[in-house]
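So the number in the numbering used here is just where the residue sits in the sequence shown, counting from 1, plus 576.
Just so you know, even glycine gets a beta-carbon here, dropped at the ideal spot from N, CA and C.
Contents: one structure, followed by commentary.
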Amino acid sequence: MRMFKLVLSLLPLVYIGGLLFYFTGFSGWNEGPLASGLGPTVLGLGAIGLLFCIPLIFRLLKLAITPRGPTPGKGIDLPEETAFDADAALARYLARKAAGQGSAEIPDAEDAPRPVFGRKIS
577 MRMFKLVLSL LPLVYIGGLL FYFTGFSGWN EGPLASGLGP TVLGLGAIGL LFCIPLIFRL
637 LKLAITPRGP TPGKGIDLPE ETAFDADAAL ARYLARKAAG QGSAEIPDAE DAPRPVFGRK
697 IS
């Protein structure tokens with residue numbers, strides 16, 4: 577994906593470079609665009625080309641500066657964790673419930689102390 581964006585940022589530069597090459601022609605600056613009145617056009621294309629260089633420079637810097645993570649198959653080999661087995665968890669729960677060690681029972685509402693918020697009433 578990064579290389580695709582890099583190539584896309586090169587396309588306007590190639591187009592503007594082609595236009596500059598076309599307008600300057602083979603004769604150079606002295607006889608070509610300045611003599612025929614295309615000097616401002618060529619200078620404008622050069623300025624637009626420089627503007628199109630800014631995203632390219634940022635993408636190249638980002639590509640060069642961004643640290644890359646370890647590639648698969650290289651680096652530290654971590655031990656694989658065992659996956660959660662839902663059937664085994666359900667079997668353990670049912671075995672504990674059958675043995676009487678199920679979840680703790682909820683006390684009656686009258687026996688449980690009520691949480692107090694704010695001022696305590698004696």
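With a threshold of 16 other beta carbon atoms within 10 Å, Ile641 falls short and is exposed. According to the DSSP assignment, Phe597 belongs to the alpha helix (DSSP H) that extends over 578 to 600. Ile633 counts as exposed, since fewer than 16 other beta carbons sit within 10 angstroms of its beta carbon. Counting of Cβ neighbours within 10 angstroms places Ile592 among the buried residues, the total reaching 16 or more. A buried status is given to Leu621, since no fewer than 16 other beta-carbon atoms sit within 10 Å of its beta-carbon.
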